[in-house]
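Residue numbers (the numbering used here), protein chains in the order written: chain C, -11 to 306; chain F, 6 to 305.
Beta carbons: idealized from backbone N, C-alpha and C, even for Gly.
All values derive from a computational prediction rather than experimental measurement.
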Amino acid sequence: MSVTTLPSRSMALRQPGWIARLFDYKPFLIVMCLAPAIGLLTVFLTYPLGLGVWLAFTDTTIGQRGIYIGLENFQYLLKDPLWWNAVFYSIFYTGIATIGKFALGFWLALLLNNHFPFKSLLRAIVLLPWIVPTVLSALAFWWIYDPQFSIISYLLVDVLHIRSTNIDFLGTPWPARFSLIAANIWRGIPFVAISLLAGLQTISPSLYEAAMLDGATAWQRFRYITLPMMMPILAIVMTFSIIFTFTDFQLVYAITRGGPVNSTHLLATLAFQRGIAGGELGEGAAIAVSMIPFLVFATLFSYFGLARRKWQQGEAND
Amino acid sequence: MTDVAASPGNSNVASATPDTMSWDSRARRMVMIYLPLACFVIILLFPFYWMTVTSFKPNAELLNYKEHNPFWISSPTLAHIKHLLFNTAYPTWLKTTMLVAIGSTFLSLFASTLAAYAIERLRFRGSPYVGLGIYLAYLVPPSILFIPLATVIVQFGLFDSPLALILVYPTFLVPFCTWLLIGYFKSIPYELEECALVDGATRLQILRRITLPLAVPGLISAGIFSFTLSWNEFIYALAFIQSGANKTVPVAILTELVTGDVYQWGALMAGSLLGSLPVALFYSLFVDYYVSSLTGAVKE
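Right, dumping it as structure tokens:
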């Protein structure tokens, strides 16, 4: 067998087709391999990003090419109480939801890091809110927050007799704001918990043993071992969480659509309302662009988190 | 069982440092671990339970908490699901969503496998920067892109077509998959490829015959993750699709089923349940891949 295959193989080696030779030419191969990914990202990400910034400086509407109008859109936004309202709520929403998500998520991760039966099953269940389409779980929350038939009101009024009237979750501004934050925290806990759990599992048990021999209390072990060791992963997860909470759209659009009286608009929902529903593409783009400074801030936060990790672990280890 | 076996071992240690080890006493463990865990699980699962209960309740029972216990169904019915499947375009929406999710998953897997291979294995000058650039693309949220993207889609004549979604979803799938696959390719010994090179294999043959088969777990992770993310995507589908038949499930439920002032909660919840089932099913089959890809992507 080997005798018969050998000559044919050396033939193939001697005279590879020009296509095969081309594909073995490294620079060509690199270009070919990167082309689909870079192409897709350029056409549908980089170009629209630039186009968005350009649109923010024009008065484009749907169906009509705009002309350059300088900073007029932004000047208009600065005088627009609705935009300020959206900025306030975006920051408030991100701040409170992030604190909630990380406090509860970290707690859940610490709980899951213990040994108990059915651990992997529990871990699988916990991730469920993150897997299911956000809009669909948001609909469930909308129904849970129903003014008349809310199950939470039922529990509080008819079962526990704590209140005498139903809670009006979504009818007035502040309860609506907090209801949305609660839904966001609910959705964010699994992601935070599972990512932090992965980080917790990398911490060597010998550190805890050493600390215990030195007589460290549970709180001291958490404060001086767990927290510092978790800092790098905490910084990354938090950056992602902040970016995607700040630019959140689905929850608010599904549950309140910015109401009541525009009190729960995030910048993203306001941009959609003005840009797509209202047709003022230029103005919508300006609102979207106004999110970028906040996002850059969050990314820098991540960068310094990473830099800290390098400093902690030395040059060689990354 | 492990729990029981572990506690005597710990109590031995406890005799050495008595005050710190009181932590592991049974009652304390109950209060500190199992009770909070139970609360977490109940709260995290309650919306799904509520969704399920609502979708099988007849309308009369749905809005009458005085006579029926709202937490249970006294006379379950399939009316809402039947209404959904036969009186609305729900099957079409499911089909569209499936098409979009599968299409964009394959497109992004193709693009990101090649990109990850080039960045990690073909090693050229500047390859770390290309990797970083792709990573940064992941940090650009759809919320700031959808308005300009809508104009791009209109320019391409793809408005209101599922093809637009198939082409656009890779913008957030490719960065994720590429980073995941770079991690997997890193774990494959380079010597295997060198052997193949010495034996006269071309680079593409190496990719197809050696690297890809070894990276199958990574490909599965990236694939199921992409599928889930595309299934769940909302804002692009909302902005780029107008006609009822081409809508994806999340968008269609919100825009087509929410009508008038009296919400059909039964049908809405049944729609949400059915729309969640495919990903939940998928998820239950590949739990470990999900967890590993989620944590792997974060660690990268």
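query = Buried or exposed: serine 194 of chain C, going by 16 or more other Cβ atoms within 10 Å of its Cβ?
reply = On the first sequence, residue 194 of chain C is found 206 positions in, with the first residue counted as 1. Exposed, by the Cβ-count rule.
query = Cβ of leucine 28 of chain C within 8 Å of Cβ of proline 175 of chain F?
reply = The residue labelled residue 28 of chain C in the question sits at position 40 within the first sequence. The residue labelled residue 175 of chain F in the question sits at position 170 within the second sequence. The Cβ atoms of leucine 28 of chain C and proline 175 of chain F lie closer than 8 Å to each other.
key: CA-to-CA distance, alanine 171 of chain C to phenylalanine 129 of chain C, given in whole angstroms   = Numbered from its first residue, the first sequence carries residue 129 of chain C at position 141. Numbered from its first residue, the first sequence carries residue 171 of chain C at position 183. Phenylalanine 129 of chain C and alanine 171 of chain C: Cα-Cα distance of roughly 7 Å.
task = Could you tell me whether the region 226 to 242 of chain F touches the region 231 to 242 of chain C, using the rule of 3 or more Cβ pairs below 8 Å?
result = Verdict: yes, contact present.
inquiry  = Judging by CA-CA distance, which residue of C:Phe32, C:Trp6, C:Gly267 is the nearest neighbour of proline 147 of chain F?
reply    = Stepping through the second sequence from its first residue, residue 147 of chain F is reached at position 142. With distances taken between CA atoms, proline 147 of chain F lies nearest to C:Phe32 out of C:Phe32, C:Trp6, C:Gly267.
message = Pull the bridge partners of glutamine 52 of chain C from the DSSP assignment, please.
response = Start at 1 with the first residue of the first sequence, and residue 52 of chain C comes out as number 64. The partner list for glutamine 52 of chain C (beta bridge, DSSP) reads C:Thr49.
message = For isoleucine 193 of chain F and arginine 128 of chain F, what's the separation of their Cα atoms in angstroms?
response = Taking the second sequence and counting its residues from 1, the one referred to as residue 193 of chain F is at position 188. Taking the second sequence and counting its residues from 1, the one referred to as residue 128 of chain F is at position 123. Straight-line Cα distance between these residues: approximately 15 Å.
message = At the 8 Å Cβ level, is valine 157 of chain F part of the contact set with chain C, yes or no?
response = Here the question's residue 157 of chain F lines up with position 152 in the second sequence. Yes, valine 157 of chain F counts as interfacial toward chain C.
ask   = Residues of chain F with a CB under 9 Å from the CB of threonine 122 of chain C: which are they?
value = Here residue 122 of chain C corresponds to residue number 134 of the first sequence, with the count starting at 1. Residues of chain F passing the Cβ test: Asn237, Phe239, Pro255.
request  = Give the straight-line distance between the Cα atoms of leucine 224 of chain F and serine 109 of chain F, rounded to the nearest whole angstrom.
outcome  = What you label residue 224 of chain F is simply residue 219 of the second sequence in a count that begins at 1. What you label residue 109 of chain F is simply residue 104 of the second sequence in a count that begins at 1. For leucine 224 of chain F and serine 109 of chain F, the distance between alpha carbons rounds to 14 Å.
ask   = Quick one: what does DSSP say isoleucine 193 of chain F is sitting in, helix, strand or coil?
value = As a first step, residue 193 of chain F is located in the second sequence; it is residue number 188 there, counting from the start. In the structure shown, isoleucine 193 of chain F falls within a coil segment according to DSSP collapsed to helix, strand and coil.
message = Determine, for arginine 151 of chain C, whether the minimum Cβ-Cβ distance to residues of chain F falls below 8 Å.
response = Translated into the one-based positions of the first sequence, residue 151 of chain C becomes position 163. Judged by the 8 Å Cβ criterion, arginine 151 of chain C is not in contact with chain F.
inquiry  = Could you tell me the alpha carbon to alpha carbon distance between alanine 94 of chain F and alanine 32 of chain F, rounded to whole angstroms?
reply    = Taking the first residue of the second sequence as 1, we reach residue 94 of chain F at position 89. Taking the first residue of the second sequence as 1, we reach residue 32 of chain F at position 27. If I take the Cα positions, the gap works out to 54 Å.
key: Alpha carbon of leucine 50 of chain F to alpha carbon of threonine 233 of chain F, nearest angstrom   = Taking the second sequence and counting its residues from 1, one reaches residue 50 of chain F at position 45. Taking the second sequence and counting its residues from 1, one reaches residue 233 of chain F at position 228. The C-alpha of leucine 50 of chain F lies about 19 Å from the C-alpha of threonine 233 of chain F.
query = Roughly how many whole angstroms lie between the Cα atoms of leucine 197 of chain F and isoleucine 215 of chain F?
reply = As a working mapping, residue 197 of chain F is identified with position 192 in the second sequence. As a working mapping, residue 215 of chain F is identified with position 210 in the second sequence. Those two C-alpha atoms are separated by around 8 Å.
ask   = Where does the unbroken alpha helix (DSSP H) through alanine 242 of chain C begin, and where does it stop?
value = Along the first sequence, read from residue 1 onward, the residue named residue 242 of chain C stands at position 254. From DSSP, the alpha helix (DSSP H) with alanine 242 of chain C extends over 238 to 243.
task = Out of C:Ile177, C:Tyr35, C:Val123, state which residue places its alpha-carbon closest to the alpha-carbon of valine 263 of chain F.
result = Here residue 263 of chain F corresponds to residue number 258 of the second sequence, with the count starting at 1. Ranking the options by Cα distance to valine 263 of chain F, first place goes to C:Val123.
key: For alanine 204 of chain C, the three-state DSSP class (helix, strand or coil)   = Translated into positions along the first sequence, residue 204 of chain C becomes position 216. Note: alanine 204 of chain C maps to coil in three-state DSSP.
task = Would you list, in sequence order, the uninterrupted alpha helix (DSSP H) runs of no fewer than 4 residues that lie entirely inside the region 177 to 227 of chain F?
result = Correct list: 195 to 203, 208 to 211.
inquiry  = With the cut-off set at 8 Å, would you say glycine 271 of chain F and lysine 62 of chain F are in Cβ contact?
reply    = Position 266 of the second sequence holds residue 271 of chain F. Position 57 of the second sequence holds residue 62 of chain F. In contact: glycine 271 of chain F and lysine 62 of chain F (Cβ atoms closer than 8 Å).
inquiry  = For a contact defined as C-beta to C-beta under 9 Å, what are the partners of tyrosine 294 of chain F on chain C?
reply    = In the second sequence, the residue the question calls residue 294 of chain F occupies position 289. By Cβ distance, chain C contributes nothing, its closest Cβ being about 12 Å from tyrosine 294 of chain F, past 9 Å.
Beta-carbon proximity list for aspartate 165 of chain F, same chain, < 8 Å, skipping 5 on both sides = Translated into positions along the second sequence, residue 165 of chain F becomes position 160. Result list for aspartate 165 of chain F: Phe245, Ile246, Gln247, Ser248, Asn251, in chain order.
First through last residue of the alpha helix (DSSP H) which encompasses isoleucine 152 of chain F = For this step, residue 152 of chain F is matched to residue 147 along the second sequence. Run containing isoleucine 152 of chain F: 151 to 160, per the alpha helix (DSSP H) assignment.
query = Are three or more beta carbon pairs between the region 34 to 48 of chain C and the region 152 to 171 of chain F nearer than 8 Å?
reply = Below 8 Å, enough C-beta pairs join the region 34 to 48 of chain C and the region 152 to 171 of chain F to call them touching: three or more.
request  = Would you please verify whether the beta carbon of lysine 67 of chain C is less than 8 Å from any beta carbon of chain F?
outcome  = Position 79 of the first sequence holds residue 67 of chain C. No, no contact with chain F.
inquiry  = Could you check whether the Cβ of threonine 86 of chain C sits closer than 8 Å to any Cβ belonging to chain F?
reply    = Position 98 of the first sequence, counted from the first residue, corresponds to residue 86 of chain C. Taking 8 Å as the CB threshold, threonine 86 of chain C stays off the interface with chain F.
Residues within the region 200 to 225 of chain F neighbouring chain C, beta-carbon criterion of under 7 Å = Considering only beta carbons, the part of the region 200 to 225 of chain F lying closer than 7 Å to chain C consists of Gly205, Thr207, Arg208, Leu209, in chain order.
ask   = Using a beta-carbon distance below 8 Å, is methionine 35 of chain F in contact with chain C?
value = Within the second sequence, residue 35 of chain F is the residue found at index 30, counting from 1. Not closer than 8 Å to any Cβ of chain C, the Cβ of methionine 35 of chain F fails to qualify, so no.
inquiry  = I'd like to know whether the C-beta of valine 173 of chain F is nearer than 8 Å to at least one C-beta of chain C.
reply    = For the purposes of this step, residue 173 of chain F is taken as residue 168 along the second sequence, with counting starting at 1. Yes, its Cβ sits closer than 8 Å to a Cβ of chain C.
message = For phenylalanine 237 of chain C, tell me which candidate among C:Met226, C:Gln261, C:Gln63 has the shortest Cα-Cα distance.
response = If you number the first sequence from 1, residue 237 of chain C lands on position 249. Out of C:Met226, C:Gln261, C:Gln63, C:Gln261 has the C-alpha closest to the C-alpha of phenylalanine 237 of chain C.
key: Any C-beta of chain C under 8 Å from that of valine 145 of chain F   = Here residue 145 of chain F refers to the residue found at position 140 when the second sequence is read from its first residue. By the rule that beta-carbons nearer than 8 Å mark a contact, valine 145 of chain F touches chain C.
request  = In angstroms with no decimal places, state the Cα-to-Cα distance between phenylalanine 16 of chain C and leucine 209 of chain F.
outcome  = Counting from one through the first sequence, the residue named residue 16 of chain C turns up at place 28. Counting from one through the second sequence, the residue named residue 209 of chain F turns up at place 204. Going by the C-alpha atoms only, they are around 12 Å apart.
message = For a quick check, are the C-beta atoms of serine 297 of chain F and alanine 227 of chain F less than 8 Å apart?
response = The residue you call residue 297 of chain F lines up with position 292 of the second sequence. The residue you call residue 227 of chain F lines up with position 222 of the second sequence. Judged by their CB atoms, serine 297 of chain F and alanine 227 of chain F are not nearer to each other than the 8 Å cut-off.
request  = Report the rounded CA-to-CA distance for aspartate 204 of chain F versus leucine 219 of chain F, giving the unit in angstroms.
outcome  = Here residue 204 of chain F refers to the residue found at position 199 when the second sequence is read from its first residue. Here residue 219 of chain F refers to the residue found at position 214 when the second sequence is read from its first residue. Cα to Cα, the separation comes out at about 19 Å.
task = Select from the region 140 to 168 of chain C all residues with a C-beta closer than 8 Å to any C-beta belonging to chain F, and list them in chain order.
result = Closer than 8 Å at the C-beta level to chain F, one finds these residues of the region 140 to 168 of chain C: Tyr142, Asp146.
ask   = Which residues, in order along the region 164 to 189 of chain F, keep a beta-carbon less than 7 Å from a beta-carbon of chain C?
value = Cβ contacts with chain C: Leu172, Val173, Pro175, Thr176, Val179, Thr183.
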